[in-house]
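Working notes, structure below.
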Amino acid sequence: MLSKFSNEEIARLLRQVAAAYSVKGFNYFRIIAYDKAAETVEKSNIDIKDLWDENRLVDLPGIGKSIAEYLSQLFKTGHVRHFEEVFKGLPKGMFPLLDVSGFGPKKAYKISKQFKLYNPQTVVSSLLKIAKSGKIARLPGFGKKSEQDIIEALERFRQGQAKQKRMPLPYAFATAKLILEYLKKNPLTVKAYPLGSLRRMVSTIGDIDIAVATKEPKKVIDWFLKYPKTNKIIEVGTSGATIYLNTGQQIDLRVQSPQSFGAMLQYFTGSKAHNIHLREYALKRGMSLSEYGIKKINARKSIKTYASEEEFYKAVGLPWIPPELREDRGEIEAAQKNYLPDLVGRSHIRGEVHVHSNYNLEPSHDLGSSSLTELLKVASLMNYEYLGISDHNPSISKHTENGIIDILKKRKYKFEQILLSNKNVRVKLFIMLEVDILPDGQLALPEKAFNYLDAIIVSVHSSFFLTKEAMTKRILKGLSHPKAKILGHPTGRLIGSREAYDADWRAIFDFCRLKNKALEINAYPDRLDLNDYMVKRAIENHNKLIINTDSHQKEQLSLINYGISVARRGWATKNDILNTLSYQEFKKWLTG
DNA sequence: GCCGTTTTCGGCCCGACTGTTTTCAGTCG
1 MLSKFSNEEI ARLLRQVAAA YSVKGFNYFR IIAYDKAAET VEKSNIDIKD LWDENRLVDL
61 PGIGKSIAEY LSQLFKTGHV RHFEEVFKGL PKGMFPLLDV SGFGPKKAYK ISKQFKLYNP
121 QTVVSSLLKI AKSGKIARLP GFGKKSEQDI IEALERFRQG QAKQKRMPLP YAFATAKLIL
181 EYLKKNPLTV KAYPLGSLRR MVSTIGDIDI AVATKEPKKV IDWFLKYPKT NKIIEVGTSG
241 ATIYLNTGQQ IDLRVQSPQS FGAMLQYFTG SKAHNIHLRE YALKRGMSLS EYGIKKINAR
301 KSIKTYASEE EFYKAVGLPW IPPELREDRG EIEAAQKNYL PDLVGRSHIR GEVHVHSNYN
361 LEPSHDLGSS SLTELLKVAS LMNYEYLGIS DHNPSISKHT ENGIIDILKK RKYKFEQILL
421 SNKNVRVKLF IMLEVDILPD GQLALPEKAF NYLDAIIVSV HSSFFLTKEA MTKRILKGLS
481 HPKAKILGHP TGRLIGSREA YDADWRAIFD FCRLKNKALE INAYPDRLDL NDYMVKRAIE
541 NHNKLIINTD SHQKEQLSLI NYGISVARRG WATKNDILNT LSYQEFKKWL TG
């Protein structure tokens, strides 16, 4: 019987092992190794269990032979004997305390041991009582102040304050953009950038961090505090400030002098894993990196500062690495060999084909709200050469087969009429459909209806919980129709509300490559599906991808930028993305 | 325990903050 463990549970377990080793005084670097492995697992956006299924655990940075072996044991038997050994003799109550801010392994152990806190369920409330009775201040190494800190930390923890939800990238980005524009209105702002996961365009964002280069930090901070949508000023210092907006979003500002801006921008852009790797790399070459600049190790010289990231990376001996790649997924090695991919960008995109119009064909799912004419106009403004309209298929429960055929015939005629009356719009049209793949793999469209379509996107919109085998078979069957050219939002995940469904992605990717089908990168805010990791895998597998917005109104066509950032995070170049092709080339692929 | 174009052995990111201490351990990002 195989056990199912979420990435979160596995990460927690690895952290507990690290904590146990720490308490027992094992080699410091072994502790670090487990912490790093935990971090990798937690940040991974594919199920670790799926990787294990494919024998790819050791592909993850920080997971080597031993830990892979232990995890394998975990999946097979539900527990790891070695870990149980490691935990022996430690009070079980110490582990929940690790999640309380201010508690590390040593403090958690010392206190839970001292007060015999063996029950993980009750440890927090028990300790709170103990702290309030003044027993902690009497322990060696503790005082009145630390006792008070512990009480406050435990109370905050009980209220679950740490559980702030991350938001999909497009919402955070829209907010950040407004603030950046506001900051740039001030002439004292030399440069302004988003930081952290926002700058790396990660698909979910926690807090919004922003950096400004200026010679007048105080004046820029004052300007920031006057941002019109500010609800509350949380913190003000000499190097930055924190505010809450009316929406409840937290915004952190950091200011730095222009001549030192490069190292600071680099450091706060992260990721943590990228920075650690970069520092190790630099260290071997005699340099010590920090957010302030670079020190030569032997020279005892003062620190050297850098105005830009380009200069900073150059000083380390590397070309500048685009923020989207800074995840320690091989980018430092690639930079070193000068093999960094030439990433796809907005200027390469020449059209898209997953757009819903308001043409009412009584669809199975929601209708769009913009007309074909409106959509073509926006596409034209975006300099697109082509646009594919892929409304949902007519509902099969409400119509007969002949009824559906008739609807599509009329739709094609209508669309062609609209094109004739819009001769000034040069955007070429593909008449398409997004067709449901039914649970048995059949397409929700009668064969004769295909005569009125250039091509179709196929997608799963129901019965998400089939077995892995059944889901794989279903998708492959749906994709095998000659006119089915694109697998829409391939994994079906909805950020924050639905996990990807279980399927054999290796088999699906291989099928798509052999049959010349495309995998979609769906740019809709809570989809962003495929995700960056899957994009990278698809590219390594020589698959073709297409970036679409799944727009349901004309304004959403601009969401393409978020699809592009997913592609960039997956190391995609122009050649990996089909809708960078010219109209003629693209048409050949789509209808060929 | 992980990792590798100076190494399969011998290294392993950096700085800040805090509280309880007289020089540092533990925690955090």
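Per UniProt numbering: the first sequence = residues 1 to 592. Just so it is clear, CB atoms sit at the ideal spot from N, CA and C, and this is done for glycine as well. This one's a predicted model, so the numbers in the text were calculated from it and none came from an experiment.
- [ ] Quickly, what does DSSP pair Gln-256 with across the bridge? List them, please.
- [x] Ala-213
Open item on the list: Please list the terminal residues of the continuous alpha helix (DSSP H) segment that includes Ala-518.
Closed with: That residue, Ala-518, is in no alpha helix (DSSP H); its beta strand (DSSP E) goes 518-522.
Task: Three-pair Cβ contact test at 8 Å for the region 404-420 versus the region 486-496 - done: no
Open item on the list: Let's see if you can read the secondary structure: which residues bound the alpha helix (DSSP H) around Gly-478?
Closed with: 468-479
- [ ] Take every Cβ of the region 324-338, pair it with every Cβ of the region 567-574, and state whether three or more of those distances are shorter than 8 Å.
- [x] yes
Task: Limits of the alpha helix (DSSP H) - the one that Asp-436 falls within - done: Taken as a continuous stretch (DSSP letters only), Asp-436 belongs to no alpha helix (DSSP H), being part of the beta strand (DSSP E) at 428-436.
Task: DSSP state of Ala-162 mapped onto helix, strand, coil - done: Confidence at Ala-162 is low in this model, with a pLDDT of 48, below 50, so the placement of that residue is unreliable and no value is reported for it.
Task: CA-to-CA distance, Ser-72 to Val-353, given in whole angstroms - done: 42 Å
Open item on the list: On the DSSP bridge list, what partners appear for Ala-484?
Closed with: Ile-456
TODO: Give every residue of the same chain whose Cβ lies closer than 6 Å to the Cβ of Ala-38, excluding the five residues on either side of it in the sequence, and list them in chain order.
DONE: Ala-11, Leu-14, Arg-15
- [ ] Please work out which residues of its chain come closer than 7 Å, Cβ to Cβ, to His-82, disregarding the five sequence neighbours upstream and downstream, and give them in chain order.
- [x] Tyr-70
TODO: Count the other C-beta atoms from every protein chain shown that fall within 10 angstroms of the C-beta of Val-41, then say buried if there are 16 or more, exposed otherwise.
DONE: buried
Open item on the list: So, with DSSP's three-state summary, where would you put Lys-295?
Closed with: strand
Task: 8 Å Cβ cutoff met for Leu-433 and Asp-391 - done: yes
TODO: Give the straight-line distance between the Cα atoms of Asn-275 and Asn-360, rounded to the nearest whole angstrom.
DONE: 52 Å
TODO: Within 10 angstroms of the Cβ of Leu-117, are there 16 or more other Cβ atoms? Answer buried if so, exposed if not.
DONE: buried
Open item on the list: Once the 5 residues before and after Met-264 are set aside, which same chain residues still bring their CB inside 6 Å of it?
Closed with: Gln-256, Glu-291
Task: Boundaries of the alpha helix (DSSP H) in which Thr-373 is found, first to last residue - done: 372-381
TODO: Output the boundary residues of the alpha helix (DSSP H) element that contains Ser-239.
DONE: Taken as a continuous stretch (DSSP letters only), Ser-239 belongs to no alpha helix (DSSP H), as it is neither H nor E.
Open item on the list: Assuming Glu-280 and Tyr-583 are in contact, meaning their beta carbons sit under 8 Å apart, how far apart are those beta carbons, in whole angstroms?
Closed with: That pair is no contact at about 48 Å.
Task: Where Leu-195 sits in the DSSP three-state scheme - done: coil
Task: Sequence-distant residues of the same chain with beta carbon closer than 7 Å to Lys-304, five excluded per side - done: Gly-293, Ile-294
Task: Sequence-distant residues of its chain with Cβ nearer than 6 Å to Val-427 (five each side left out) - done: Leu-376, Ala-379, Ser-380, Tyr-384, Leu-387
Open item on the list: Using C-beta distances below 7 Å, list every residue in its chain close to Asn-246, excluding the 5 sequence neighbours before and after it, in chain order.
Closed with: Lys-229, Asn-231
Open item on the list: Give the list of continuous alpha helix (DSSP H) stretches no shorter than 4 residues that lie fully inside the region 75-110.
Closed with: 81-87, 94-97
Task: Contact set for Lys-163: own chain, Cβ-Cβ below 7 Å, skip 5 residues either direction - done: Confidence in Lys-163 is poor, its pLDDT being 47 and thus under 50, which makes the residue's placement unreliable; the coordinate value appears in the next sentence. There are no such residues.
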